[in-house]
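**Student:** Below is one structure. I have some questions about it.
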Amino acid sequence: MTEETSEAQGSPLPDWARSLGVPPHSGRFREFPEAFRVEEQMAFTPEGEGEHLWLHCEKRNLSTAQLIRHLAHTLEVAPRDIGVSGLKDHTALTRQWVSVALTGRATPAALPDLVEMEGLRLLSFGRHPRKLRRGVHRANRFALYVTGEAVTQGSLETRWHELVANGVPNYFGPQRFGHQGSNITRARAMMARGWKKRHDRDGILLSSARSWLFNQVLSTRIEQGNWASGLDGDVFNLDGSASQFAGQTLDDALRTRLAALDIHPTGPLWGRGKSEVSGEALALERGVVENEPTLAEGIERAGAAPMRRALRLRLQAPAIEHEGEGLWLHFTLARGGFATAVLRELFQHPAL
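Count the sequence shown with the UniProt record's numbering and you get residues 1 to 352, in order.
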């Protein structure tokens with residue numbers, strides 16, 4: 001997940017614990033759109049026929065919401081007839097798939113000339129039987145250009161190699177909580193009076209509340225030193241998949257798999273109902289969530305089902321490249337991972 005990060009004044013969110021401690025030096029990123037590149041990776045391609053036209057788009061300085069509005073107007077469809085798998089950053093160069101329902105209509109002639117505009121290029125297109133649904137992409141590939149003291153002093157590169165070896169805390173990025181943390185402020189107020197779908201149609205505030213509790217649990221586990229090594233009663237996520245299993249007792253076999261980044265402990269996306277987590281892990285989560293009764297009880301009353309999210313991310317296909325006064329960082333994150341979670345481990349920046 002790579003929604004727009006607000007950098008103008010920084011974030012008032014908690015300075016959640018870092019796995020490598022506070023970085024000793026500052027750095028800069030997203031200094032121009034091409035310095036923050038994201039490419040959506042799908043597990044399939046359009047089949048070549050069907051009622052939906054799938055467009056592979058490259059956009060620059062354009063948000064996903066702006067892209068949807070433009071395509072809806074140009075192709076004369078309602079925004080609800082357009083599907084995306086994820087939101088992509090505005091101040092960036094990004095590539096993503098978009099589907100447009102064209103029931104009973106042929107693919108327009110000279111399609112690139114019709115839909116392209118400043119900041120938008122059509123890479124390819126094809127028909128498909130189904131609408132593109134949220135969260136169906138497999139991963140996101142990032143190329144980020146970083147400059148500043150952390151690069152010149154060498155601390156960024158040292159910390160990068162530690163992340164490659166040991167993984168990254170899978171925090172929800174500050175963009176999940178809105179500009180200046182406004183989403184979580186609004187979520188607290190809504191949960192206090194009772195969540196209503198009509199007041200949170202896209203579920204943004206509900207999602208912010210669940211993400212906040214997850215980050216609180218992850219930060220606590222980093223402080224206690226067990227975020228990556230596991231606890232008795234943890235539910236584990238199999239790296240690179242949605243598969244999860246309850247570990248019950250943390251034995252040598254699980255410890256070996258954890259050290260190899262084959263599996264990862266998980267944290268709660270809070271909800272109403274029984275969870276598979278138990279023992280020490282359950283006690284820790286309850287202790288953290290008890291400090292946030294308004295959010296936890298509000299989420300439960302909203303009827304959200306409990307889910308689990310990996311506490312750790314593995315950097316897939318990592319590479320580092322020197323260019324000029326900076327460094328290019330190349331890596332792939334599984335769906336739902338935030339590049340900002342990687343960057344905040346590497347250097348200090350007001351938006352991280």
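Backbone N, C-alpha and C fix where the C-beta goes; we use that ideal spot for every residue, glycine too.
Could you please give me the residues that DSSP links to Val235 through a beta bridge?
**Tutor:** Ala246, per the DSSP bridge assignment.
**Student:** Quick one: Cα of Asp234 to Cα of Asp262, how far?
**Tutor:** Cα-Cα distance, rounded: 15 angstroms.
**Student:** Got a sec? Which residues, its chain only, sit under 6 angstroms from Thr147 by beta carbon, not counting five neighbours each side?
**Tutor:** Arg28, Glu325, Gly326, listed in sequence order.
**Student:** Could you tell me if Arg301 is buried or exposed, where buried requires 16 or more neighbouring beta carbons within 10 angstroms of its beta carbon?
**Tutor:** Answer is exposed; the Cβ neighbour count stays below 16.
**Student:** Mind checking who Glu76 pairs with in its DSSP beta bridge?
**Tutor:** According to DSSP, Glu76 bridges with nothing at all.
**Student:** Could you check where the alpha helix (DSSP H) with Arg344 kicks off and where it finishes?
**Tutor:** Segment 339 to 346, the alpha helix (DSSP H) holding Arg344.
**Student:** Using a Cβ-Cβ cut-off of 6 angstroms (strictly less than) and excluding sequence neighbours within five positions of Ser155, which residues of its own chain qualify?
**Tutor:** Cβ within range, chain order: Pro24, His25.
**Student:** Please name the residue in Trp328, Glu290, Trp270, Ile184 whose C-alpha comes closest to that of Leu205.
**Tutor:** Taking only the C-alpha atoms, the option nearest Leu205 is Ile184.
**Student:** Going by beta carbon distance, what residues of the same chain come within less than 6 angstroms of Leu231, once the five residues before and after it are set aside?
**Tutor:** Contacts found: Glu280, Ala281.
**Student:** In whole angstroms, what is the alpha-carbon distance linking Glu58 and Ala92?
**Tutor:** About 10 angstroms.
**Student:** What are the start and end residues of the beta strand (DSSP E) that includes Asn291?
**Tutor:** Element bounds for Asn291: n/a, residue is neither H nor E.
**Student:** With the cut-off set at 8 angstroms, would you say Phe142 and Arg309 are in Cβ contact?
**Tutor:** No, they are not a contact pair.
**Student:** Considering Cα atoms alone, identify which of Asn215, Glu118, Arg127 is closest to Gly50.
**Tutor:** Selected option, being the one with the closest Cα: Arg127.
**Student:** What is the rounded straight-line gap between the Cα of Asn237 and the Cα of Glu39?
**Tutor:** About 24 angstroms.
**Student:** So, are the CB atoms of Pro268 and Val342 less than 8 angstroms apart?
**Tutor:** Not in contact: Pro268 and Val342 (Cβ atoms no closer than 8 angstroms).
**Student:** Leu228: which of Ser19, Gly271, Pro14 sits nearest, CA to CA?
**Tutor:** One point to set straight first is that residue 228 is Ala, not Leu, in the sequence displayed. That would be Ser19, whose Cα lies nearest to the Cα of Ala228.
**Student:** Please classify Thr220: is it buried, with 16 or more other beta-carbons within 10 angstroms of its beta-carbon, or exposed?
**Tutor:** Its Cβ being crowded by 16 or more others within 10 Å, Thr220 is buried.
**Student:** Could you tell me which of Glu47, Arg312, Gly225, Ala189 sits nearest to Ala339, measuring between CA atoms?
**Tutor:** Residue Arg312 is the option with its Cα nearest to Ala339.
**Student:** Given a threshold of 16 other Cβ atoms within 10 Å of its Cβ, counted over all protein chains shown, does Arg210 qualify as buried or as exposed?
**Tutor:** With 16 or more other Cβ atoms within 10 Å, it is buried.
**Student:** Classify Gly194: buried if its beta carbon has 16 or more other beta carbons within 10 angstroms, exposed otherwise.
**Tutor:** Result: exposed.
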